[in-house]
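In the numbering used here, the protein residues as written are 148 to 439.
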């Protein structure tokens, strides 16, 4: 039990260290004057990405902190695209950076907050409709069950009402990136013939494995206190000196980008020379006895 608890705490603190690191990737921001400024953007988790954008003009400059009120949008090259939007245009609530998933006859957005994941859809009038996936507790024969209420299905059927095929299809979909992009794309293909829809969401592999080689040097040495007489005598008889020898091995990183691009498991193994130590030192002890 203690070992499992230790492993769990190690995983938590390792994850905290991982997420606290910066990861600047090529991208650009669009300011309030519609100027496009290229540079590097810190790649963060979904919640942090909705609140802040850390931007550098290049790797040698300090990061500039942008809020959704400071710029119109930011995007990673060939990657995620975030736009500054107010969830309710008439409300005084501060805007958020929403991840733009698909632009077409209907637009789909996503963000994550303290309360969980949220999907929004705009059917072309600039007003957001929240796609809710609340769960409802029911009791049957004194047994409590949790049942998905899926109120988002009714909203999607209304939004896609001009396509009976897509409107029927939404009855079976889950509330996630892939499903919403697919039905929005199918709807656009049916009702719009003069322009293509744009999919901004980045396609990621289910599993990403990186393998490489390890090379290194191992150094062995023993340090003992000068005032420790017995250990010094023992080590002097071993013939042991500091040794340096090479080692080689391989490593593998296994990640699941669809869950989190910045988290992975790291495995490594290496081979190298070891040393042994033999001493002819013996310690003798005696005692005096007296009789009467």
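Glycine included, every Cβ here is placed at the ideal spot set by N, Cα and C.
Since the model is a prediction, treat every value here as computed from it, not as a measurement.
Inter-residue spacing [alpha-carbon to alpha-carbon] between residue 297 and residue 208: 47 Å
Residue 215 classed as buried or exposed, judged by whether at least 16 other C-beta atoms fall within 10 angstroms: buried
Proximity below 7 Å, CB of residue 322 to CB of residue 299: yes
Cα-Cα separation, residue 258 to residue 344: 21 Å
Collapsed DSSP secondary structure at residue 167 in the structure displayed: Model confidence at residue 167 stands at a pLDDT of 48, short of 50, so the residue's coordinates are unreliable and nothing is read from them.
contact_flag[the segment 356 to 366, the segment 270 to 277] where n(CB pairs < 8 Å) is 3 or more: no
Residues near residue 396 by beta carbon distance below 7 Å, same chain, minus five either side: 361, 415, 416, 417 and 418
For residue 355, the three-state DSSP class (helix, strand or coil): strand
Beta-carbon spacing of residue 111, residue 246 below 7 Å: The question about residue 111 has no answer here: the residues shown for the chain are numbered 148 through 439.
Residues near residue 226 in its chain [Cβ-Cβ closer than 6 Å; skip 5 each side]: 349
For residue 414, three-class secondary structure by DSSP: strand
Simplified DSSP assignment, three categories, for residue 241: coil
Residue interval of the alpha helix (DSSP H) (run including residue 442): The requested residue 442 is not part of the displayed model; the chain covers only 148 to 439.
Residue 274 in three-state terms, based on DSSP: coil
Environment of residue 260 [buried if 16+ CB atoms lie within 10 Å]: exposed
Residue 309 versus 280, 336, 218 and 175, residue with shortest Cα-Cα distance: 336
Backbone CA spacing between residue 315 and residue 304 [nearest angstrom]: 7 Å
Closer than 7 Å to chain B by CB, residue 306: Within the model displayed, chain B is absent; a lone protein chain is all it includes.
Coarse secondary structure for residue 183, derived from DSSP in three states: strand
Residue of 171, 170 and 185 minimising C-alpha distance to residue 177: 185
The alpha helix (DSSP H) enclosing residue 109, as first and last residue numbers: Residue 109 falls outside the range modelled here, since the chain spans only 148 to 439, and no answer is possible.
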